[in-house]
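Take a look at the structure below.
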Amino acid sequence: MNPPWQVNKTNHFIQCVDREKISDIVLESIELWAKTVTLTQTKNFRLYFVSPKRIFQIWNAKLPDPDYKKGRRGGFRLVCFFNIPQKQNFLDMIDRRVDLGGKKEHPKAQQEYTKYLEELKKILLDIYEKA
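Note that the numbering used here has the sequence shown beginning at 12, numbered continuously upward.
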């Protein structure tokens, strides 16, 4: 899918930004990336789910955190979903990787993250796939 995307921030994303105290400069960089991202899997941008009718897709991204001087590996984890027909990118959740951990570091946090993705998938299926 070719950019540019119309970028939207969900209420949950705004709450995450406030909680994590993400600077305006970093937020502007994320928004610029979100407008121009291509839907191609890389080691830092992974497809999580494609809806049955291919109306939306959920993706996970690893982004650097310059405020904490962390690269993609130790930076942010971003969840976004794309409404393909309307060319919209919805920024939905952002957390610092240190807060999410991995399966061995913070298994409970990782389980909550996975549960969040599954709940998001159900909500989006209800919204976009009912027709």
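Note that the Cβ used here is the ideal one computed from N, Cα and C, for glycine as well.
Because the structure is a prediction, the values reported are computed rather than measured.
Rounded to the nearest whole angstrom, the CA to CA distance from Leu131 to Arg65 is 16 Å.
Its chain contains Gln52, Gln68, Trp70 as the residues whose beta carbon lies nearer than 7 Å to that of Leu58, once the 5 sequence neighbours on both sides are disregarded; these appear in chain order. In this structure, DSSP gives Asn22 a helical state, which the three-state scheme calls helix. For Trp70, the secondary structure class from DSSP, reduced to helix, strand or coil, is strand. If you draw a straight line from the Cα of Lys126 to the Cα of Ile36, it is about 30 Å long. With respect to the C-alpha of Glu42, the residue from Asp103, Val61, Tyr139, Leu136 having the closest C-alpha is Asp103. Taking Phe56 as the centre and dropping the five residues before and after it, the same chain places the C-beta of Ala72 closer than 6 Å to its C-beta, in chain order. Under DSSP, Val61 forms a beta bridge with Gln68.
DSSP, read as helix, strand or coil, puts Gln97 in coil.
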